[in-house]
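Start counting at 1 in the sequence shown, then tack on 279, and there's your number in UniProt numbering.
In this text, a Cβ means the ideal position worked out from N, Cα and C, and glycines have one as well.
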Amino acid sequence: KAVAAMARQEPATLAELNRVIGRSEPLVPGATRAVLGEGPEGAAIAIVGEQPGDQEDLEGRPFVGPAGQLLTRALEEAGIDRRAAYLTNAVKHFKFVARGKRRLHQSPTAGEVKHYRWWLMKELDFVRPRLVVALGATAALALAGRSVAVLRERGPMGFGDLQGGIRQGFVTVHPSYLLRLPDAAEKENAYAAFVADLRRARGMVD
Ligand code: URA
280 KAVAAMARQE
290 PATLAELNRV
300 IGRSEPLVPG
310 ATRAVLGEGP
320 EGAAIAIVGE
330 QPGDQEDLEG
340 RPFVGPAGQL
350 LTRALEEAGI
360 DRRAAYLTNA
370 VKHFKFVARG
380 KRRLHQSPTA
390 GEVKHYRWWL
400 MKELDFVRPR
410 LVVALGATAA
420 LALAGRSVAV
430 LRERGPMGFG
440 DLQGGIRQGF
450 VTVHPSYLLR
460 LPDAAEKENA
470 YAAFVADLRR
480 ARGMVD
């Protein structure tokens with residue numbers, strides 16, 4: 280009984296929470312590890328992605344693959360120091376299907392997002408950012424608790440927390456959406472709009 284009570288005890292620190300997440304099994308088997316959030320507690324801006332990708336899964340750090348590199352560049356152009364921000368994901372394990380040697384990303388289901396949501400909420404409670412930026416539909420779903428039409432609703436949005444409060448939030452596109460756009464001119468425009476969103480988000484905490 281005591282052990283069961285302990286297991287249910289809420290983590291008191293971000294490090295404790297991360298130990299729990301780090302020890303958890305992926306909902307869908309296959310991931311190498313849980314990829315934890317990265318950045319300082321007390322960061323003014325937290326940036327939430329979807330889930331770790333192939334490279335993040337191997338390296339154990341968020342946003343180090345192609346989408347992460349594009350995000351890093353966009354943050355820099357928007358005047359946001361990546362190392363001063365807190366970066367994390369709505370879902371902590373990489374989900375994929377194997378195609379030969381390649382591991383193809385699979386979007387998490389709404390049920391999977393829900394499974395991880397409490398952890399994300401606790402994580403943000405510890406980090407206490409003044410603004411939470413949702414990158415793409417999965418992060419927006421996790422943070423807003425409803426499905427969000429990202430291209431139509433991009434911009435400031437309140438996100439609920441576990442205490443019934445509202446966090447200052449901002450919705451924008453996911454950098455992997457930019458990477459997937461087939462047309463070069465369209466891609467350039469969409470990237471510029473992404474940087475403009477990040478600049479606007481920065482303005483909310485400056
Ligand atoms: N895409 C995400 O949403 N998160 C990562 O960490 C990497 C790619």
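Item	Value
Assigned exposure category for W455 - 16 Cβ within 10 Å defines buried	The sequence shown places Ser at residue 455, not Trp. Per the 10 Å Cβ criterion, buried.
Segment limits, alpha helix (DSSP H) that includes Q330	It is not in any alpha helix (DSSP H) - Q330 carries neither H nor E in the DSSP assignment.
With 16 other Cβ atoms within 10 Å as the buried cut-off, status of T292	exposed
CB of K401 within 8 Å of CB of P290, strictly	yes
One or two residues paired with G439 in a DSSP bridge	I445
Same chain, Cβ closer than 8 Å to A323, five either side skipped, listed in chain order	A363, A364, P408, R409, L410, V484
For A310, the nearest candidate out of P461, V370, L420, A463 (CA to CA)	V370
Proximity below 8 Å, CB of R433 to CB of T451	yes
Distance, L458 Cα to F361 Cα	Note on residue identity: the sequence assigns Arg, not Phe, to residue 361. Between R361 and L458, the C-alpha separation is close to 20 Å.
L306 (DSSP reduced to helix, strand or coil)	coil
Rounded C-alpha distance that separates A413 from G379	32 Å
Residues near L383 in its chain [Cβ-Cβ closer than 7 Å; skip 5 each side]	F375, V376
3 or more residues per run - each beta strand (DSSP E) lying fully within the region 348 to 412	365 to 368, 375 to 378, 381 to 384
Backbone CA spacing between residue 276 and T367 [nearest angstrom]	Absent from the model: residue 276. The displayed extent of the chain is 280 to 485, so no value can be given.
Of the residues A472, A423, P435, H372, the one placed nearest G332, counting alpha carbons only	H372
Cα-Cα separation between E465 and E295, rounded to whole angstroms	44 Å
Proximity test, V450 beta-carbon vs the ligand URA heavy atom, cut-off 7 Å	no
Buried/exposed call for A480, threshold 16 Cβ in 10 Å	buried
Own chain, CB closer than 7 Å to G424, minus 5 neighbours either side, in chain order	G439
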